[in-house]
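Notes to accompany the following structure.
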Amino acid sequence: AVVLQAIPTRGRVVLIGHALGGGVCLDVVRRRAVDLLVLLAVPPFWPGGTPLPPPRTALSAAAVERVERYLRRVCAGPPPAGMPVVHFVGSKDRWVSEEQSRKGPFAVRMIHGAGHSLVHSAHLGHALGEVLAAHGFGS
0 AVVLQAIPTR GRVVLIGHAL GGGVCLDVVR RRAVDLLVLL AVPPFWPGGT PLPPPRTALS
60 AAAVERVERY LRRVCAGPPP AGMPVVHFVG SKDRWVSEEQ SRKGPFAVRM IHGAGHSLVH
120 SAHLGHALGE VLAAHGFGS
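So for the sequence shown, our numbering puts the first residue at 0; every next one is plus one.
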């Protein structure tokens, strides 16, 4: 509900989410249309997708299971018809593979040399700028 309230009701909106945050974005766009959805390294819990084992984490096994259950639910169906969605995946991501990502219902852009934390990649800014420009955002 907090995310929905934060999205402007006027003007063009781009929603960007990384990993679990991308799952939250998939959940949000089913209730509030946006002009472009950008996913960053979202584990492929969609039908036909098989995520790799999650990296070691400080989360308990029960917490990881809750996260995976949530992602399976929000990734179960495609995004709303007509909503452009681009999924960026790092070529060295040990959790989100290019092959599995391409089984999802949206365009995939590879960020070569990046791992799961591809937000730290120097190449992401350029690639994201290209996608935004292709969808009429920016100058």
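C-beta atoms are modelled at their ideal positions from N, C-alpha and C, and glycine is treated no differently.
Check	Outcome
If we call anything under 9 Å between Cβ atoms a contact, is V88 one with A40?	yes
What do you get for A18, buried or exposed, if any count of 16 or more other CB atoms within 10 angstroms of its CB means buried?	buried
Take the Cβ of G81 as the centre, count every other Cβ of all protein chains shown within 10 Å, and call the residue buried at 16 or more, exposed below.	exposed
Could you pull the start and end residues of the beta strand (DSSP E) that V107 belongs to?	A106 to I110
If you compare alpha carbons, which of W94, H86 and G47 is closest to L127?	H86
From H115 to R72, what distance separates their C-alpha atoms?	21 Å
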